[in-house]
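Student: Take the sequence shown: its letter number 21 is residue 21 in this note's numbering, and every next letter is one higher.
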Amino acid sequence: MQGTVIGKIRSSGGGLAVSLHKHYHKAVKWQGHKNVIELLNIPEDMQLEGTTIYFKSRIATTEEQGIITADGEESLKLVLYGKNFSIDACP
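1) Could you tell me which residues DSSP puts in a beta bridge with residue 53?
2) In the DSSP assignment, find the beta strand (DSSP E) that holds residue 38 and state where it starts and stops.
3) Less than 8 angstroms between the CB atoms is what I'm expecting for residue 5 and residue 59, so what's the real figure, rounded?
4) List the residues that DSSP assigns as beta-bridge partners of residue 58.
5) Determine the direct distance from the alpha carbon of residue 81 to that of residue 32, and round the result to whole angstroms.
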């Protein structure tokens with residue numbers, strides 16, 4: 001998958017909002033961005049807003065999502081757990 005990091009969804013816990021470059025089932029429009037999902041496990045050096053990332057993923061388990069703060073945007077319906085990240089090409 002290919003996407004662009006949008007940024008934090010809430011002050012603590014959970015993942016980051018990522019706008020996928022292609023439509024994906026359950027991805028939503030969020031803050032003016034299309035095809036947005038919540039992505040967990042993004043390496044720290046790839047978390048900067050605007051960074052294009054390539055990754056493989058799977059549906060995140062409840063345990064992986066962990067404790068999250070209530071101040072976030074919960075309209076993002078799809079939470080994925082990212083694996084095999086790259087900034088150069090699809091892994």
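All C-beta atoms, glycine included, are put in the ideal place defined by N, C-alpha and C.
Tutor: Let me lay it out:
1) Numbered from 1 along the sequence shown, position 53 holds the residue referred to as residue 53. Its beta-bridge partners are 3.
2) Indexing the sequence shown from 1 puts residue 38 at position 38. Element bounds for residue 38: 33 to 40.
3) Taking the sequence shown and counting its residues from 1, one reaches residue 5 at position 5. Taking the sequence shown and counting its residues from 1, one reaches residue 59 at position 59. So it is not a contact: roughly 20 angstroms between Cβ atoms.
4) Taking the sequence shown and counting its residues from 1, one reaches residue 58 at position 58. Bridge partners of residue 58: 81.
5) Reading the sequence shown from its first residue, position 32 is the one you call residue 32. Reading the sequence shown from its first residue, position 81 is the one you call residue 81. Computed Cα separation, rounded: 23 angstroms.
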